[in-house]
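Right, one structure below, let's go through it.
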């Protein structure tokens with residue numbers, strides 16, 4: 001009985017005990033409601049997502065701490081609403097109330113930012129994410145949320161209108177533009193790159209000034225991550241891809257044709273006019289039927305006078321001319337080369353290394369390994385058949401050549 005009277009005395013007469021008891025009750029109520037409501041919200045959300053067939057969304061919500069932030073809101077709401085009911089702590093209650101309301105604001109924006117992360121997480125599993133990234137848009141959204149959150153929190157803490165805070169930013173605009181220069185440039189560049197479809201995840205780009213040559217793996221607000229051919233990564237600022245030039249090979253893959261542009265250096269000493277016997281021999285190549293048919297008038301006159309000709313007399317047909325037509329006919333007959341794209345065999349300017357004969361065509365397979373296989377098959381054949389046209393491929397003298405020369409000398 002004495003204990004009860006003592007307790008009643010302290011409650012009615014001692015101000016500090018009244019404040020202490022009120023704070024204790026407020027803490028216990030907030031923790032109790034956090035456990036009850038947090039558990040209730042978690043179970044309801046789990047059941048709704050599970051029965052709706054969106055269990056993967058639930059995993060993403062847990063991964064990005066959405067439920068944890070929601071549970072934190074409950075005691076903060078209780079404290080911000082109940083701190084004013086505690087007696088004898090008016091100044092302290094005002095400070096705690098502001099801190100609680102500011103914390104509620106922070107938790108609310110953390111939930112919104114987490115929801116954006118969940119959207120990005122779920123989008124990354126879709127087929128569109130393989131080519132179109134929304135990471136830049138998500139980061140822009142998070143940046144805007146952070147700015148709004150900072151303004152609201154500061155306005156709550158100093159007990160001023162948010163509009164007053166926004167108007168005060170005008171005086172600091174020059175400083176803000178300087179501080180957020182890269183962010184603003186990246187914001188414009190990222191939006192333009194994605195909206196205009198200038199860059200996608202999976203594009204092969206080449207940007208020598210940044211040492212980037214490989215596939216785009218990630219497009220963020222500030223940076224674009226490129227995986228180079230040696231499996232290293234180059235991080236390029238997003239605004240550079242908007243303000244500077246780079247090569248994108250996406251159209252090459254979409255068109256279904258990858259270019260071959262390589263030369264065979266012909267030894268200029270082996271280029272000559274062919275005699276009639278040599279032309280007769282080359283007529284056995286079926287790929288040259290079209291060429292010889294186009295020159296049937298000239299060859300027909302030679303054929304009529306065949307018995308009266310010296311079979312070693314020169315004609316006005318060169319071996320490199322026939323080889324050029326043979327190479328072009330071979331390219332047109334190759335089933336793995338695109339017939340509807342440019343196909344040229346041309347002579348370039350003579351050089352000290354010989355006369356370059358350039359092969360220009362497109363393979364029907366764009367994958368690197370298959371492209372190199374087709375290119376290798378084409379040049380294997382052309383290099384091997386050169387001696388049939390009395391042509392030699394230029395090769396710089398090597399050690400064995402000098403040894404043979406010494407033996408002859």
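Numbering (the UniProt record's numbering), first residue to last: 1 to 409. Here a beta-carbon is modelled for each residue, glycine too, at the ideal position from N, C-alpha and C.
For residue 212, the uninterrupted beta strand (DSSP E) run begins and ends at 212–219, by DSSP. If you look at residue 249, you'll find it isn't in any beta strand (DSSP E); DSSP assigns it neither H nor E.
Secondary structure note for residue 278: it is in no beta strand (DSSP E), and the uninterrupted alpha helix (DSSP H) holding it is 276–282. Beyond the five residues adjoining it in sequence on each side, residue 60 comes within less than 7 Å, by CB distance, of 118, 121, 122 in the same chain, given in chain order. Residue 367 counts as exposed, since fewer than 16 other C-beta atoms from the protein chains shown sit within 10 angstroms of its C-beta. When 273, 76, 284 are compared, the shortest CA-CA separation from residue 316 is found for 273. For residue 57, the uninterrupted alpha helix (DSSP H) run begins and ends at 55–63, by DSSP. Counting the other Cβ atoms within 10 Å of the Cβ of residue 333 gives fewer than 16, which makes it exposed. Listed as beta-bridge partners of residue 207 by DSSP are 212.
Closest in C-alpha terms to residue 277, from the list 388, 381, 348, comes 388. The three-state secondary structure of residue 228, taken from DSSP, is strand.
Around the CB of residue 349, fewer than 16 other CB atoms lie within 10 Å, so the residue is classed as exposed. In the DSSP assignment, residue 74 is bridged to no other residue.
Rounded to whole angstroms, the separation of the alpha carbons of residue 127 and residue 134 is 13 Å.
Under the 8 Å Cβ criterion, the region 199–211 counts as touching the region 239–252, having at least three qualifying pairs. Scanning the region 362–386 for uninterrupted alpha helix (DSSP H) segments of 4 residues or longer gives 368–385, listed from N- to C-terminal end. For residue 196, there is no enclosing alpha helix (DSSP H), as DSSP marks it with neither H nor E.
Under the 10 Å beta carbon count, residue 235 is surrounded by fewer than 16 other beta carbons and is classified as exposed.
Distance between residue 95 and residue 54, taken at the CA atoms: about 42 Å. For residue 347, the pairing in a beta bridge is given by DSSP as 357. Residue 390 carries a coil assignment under DSSP once its states are collapsed to helix, strand and coil. Annotated three-state conformation of residue 255 is helix, per DSSP.
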